[in-house]
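Residue numbering for the sequence shown follows the numbering used here, beginning at 1018 and increasing consecutively.
All C-beta atoms, glycine included, are put in the ideal place defined by N, C-alpha and C.
The structure presented is a predicted model; accordingly, all values stated were derived computationally and were not measured.
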Amino acid sequence: SFEAKRRTAQAEEGIAKLRSEVDTLIVIPNDRLLSISDRAITFLDAFKSADQVLLSGVQGITDLITTPGLINLDFADVKSVMQGAGSALMGIGSARGEGRAIRAAESAISSPLLEASIDGARGVLLSIAGGSDLGLFEINEAAELVAKAAHIDANIIFGAVIDDVLGDEVRVTVIAAGFDGGEPTRMVTPTPVVEEEIIDDHQESTDVEVDLAAGLEESPAPLSSRRKIIFEESSDDLDVPDFLK
1018 SFEAKRRTAQ AEEGIAKLRS EVDTLIVIPN DRLLSISDRA ITFLDAFKSA
1068 DQVLLSGVQG ITDLITTPGL INLDFADVKS VMQGAGSALM GIGSARGEGR
1118 AIRAAESAIS SPLLEASIDG ARGVLLSIAG GSDLGLFEIN EAAELVAKAA
1168 HIDANIIFGA VIDDVLGDEV RVTVIAAGFD GGEPTRMVTP TPVVEEEIID
1218 DHQESTDVEV DLAAGLEESP APLSSRRKII FEESSDDLDV PDFLK
């Protein structure tokens, strides 16, 4: 590599740290630029080709989410494939004429710049777009090509878009992940735990009895008051003493 060992080691260390913080990661080694370019290519143009791969990946995701289709894909589908899945491959392929669907699929899954390939992917999002003349067998051929390249137990989510603006062009978008041992995961919402307060009935009743007893001891009624009340209530019932008659 033209970047030498030290910078390569720093890049690999950065990738390793980043991998633990993100759900999916797209890596484009600079050495791949040498394998796809001719000797006349400029430094800037070489890096623009890498930027184009990233652009295609982001565009593929946004198109899947925002473009209505005959069979729709949405953000939940994208999340189910990419969440916690490790390395990712995102590609868009297009073709016209004979065998257009299968050639578009081959182009989508075989970017020479990407570090990862679709081989063994455990999660795949596949969207096929074409005009009203898009054939059933064309779709089947493209889908079979992608399915054979992925893991035998891969979760493949399929979508289709009919758009006459494309004319005779067929466009295949593939988002694949889970090549390096990572596997798509689902978010699990924790069940809230309700804490119940246990009341000791015996202890509570004992406390009440003690409080009542304390209240009686602290504020006893005066004896004279009790006598006065008794006298007033029964004064009408007293007989006149004999010596006053």
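Closest option to His1168, judged by alpha-carbon separation, among Gly1195, Ile1053, Ile1174, Gly1148: Gly1195. Glu1030 and Ala1057 have their C-alpha atoms some 32 Å from each other. When only Cα atoms are considered, Glu1020 and Ala1166 end up about 33 Å apart. In the three-state DSSP reduction, Ile1173 falls in the strand class (E or B).
Proximity of the segment 1036-1054 to the segment 1096-1110 meets the contact definition, three or more beta-carbon pairs being nearer than 8 Å. If you draw a straight line from the Cα of Leu1153 to the Cα of Ala1026, it is about 48 Å long.
Cα atoms of Ala1146 and Lys1034: separation of roughly 37 Å, rounded to the nearest angstrom.
Beyond the five residues adjoining it in sequence on each side, Asn1172 comes within less than 6 Å, by CB distance, of Gly1140 in the same chain, given in chain order.
Residue pairing by DSSP places Thr1190 opposite Ile1109, Ser1144 in a beta bridge. Judged by DSSP in its simplified three-state form, Thr1084 adopts coil rather than helix or strand. In the three-state scheme derived from DSSP, where H, G and I count as helix and E and B as strand, Thr1041 is classed as strand. For the pair of segments examined, the segment 1155-1165 was found not to touch the segment 1078-1091: the number of CB pairs separated by less than 8 Å stays below three. Contact between Ala1122 and Val1163 holds, with the beta-carbon distance rounding to 6 Å and staying under 8 Å. In the assembly as shown, Glu1155 is a buried residue. Its beta-carbon has 16 or more other beta-carbons within 10 Å. A straight-line Cα-Cα distance of about 31 Å links Val1075 and Lys1022. Excluding its 5 nearest sequence neighbours in each direction, Arg1113 has C-beta neighbours in its own chain below 7 Å: Asp1185, Glu1186, listed in chain order. Distance check between Phe1092 and each of Ile1078, Ile1032, Gly1086 places Ile1078 closest, using alpha-carbon atoms only. The C-beta distance from Leu1087 to Ala1177 rounds to 5 Å, short enough to fall under 8 Å. Residue pairing for Gly1103: DSSP places it in a beta bridge opposite Thr1041. If you draw a 10 Å sphere on the C-beta of Val1182, you find fewer than 16 other C-beta atoms in it, and that means exposed. Per the coordinates, the alpha-carbon of Leu1106 lies some 19 Å from the alpha-carbon of Ser1052. Separation of the CB atoms of Ser1073 and Ala1063 is rounded to 17 Å, and the pair is thereby denied contact status at 8 Å. For Glu1030, the uninterrupted alpha helix (DSSP H) segment begins and ends at 1021-1036.
The Cβ-Cβ distance between Leu1151 and Ile1126 does not fall below 8 Å.
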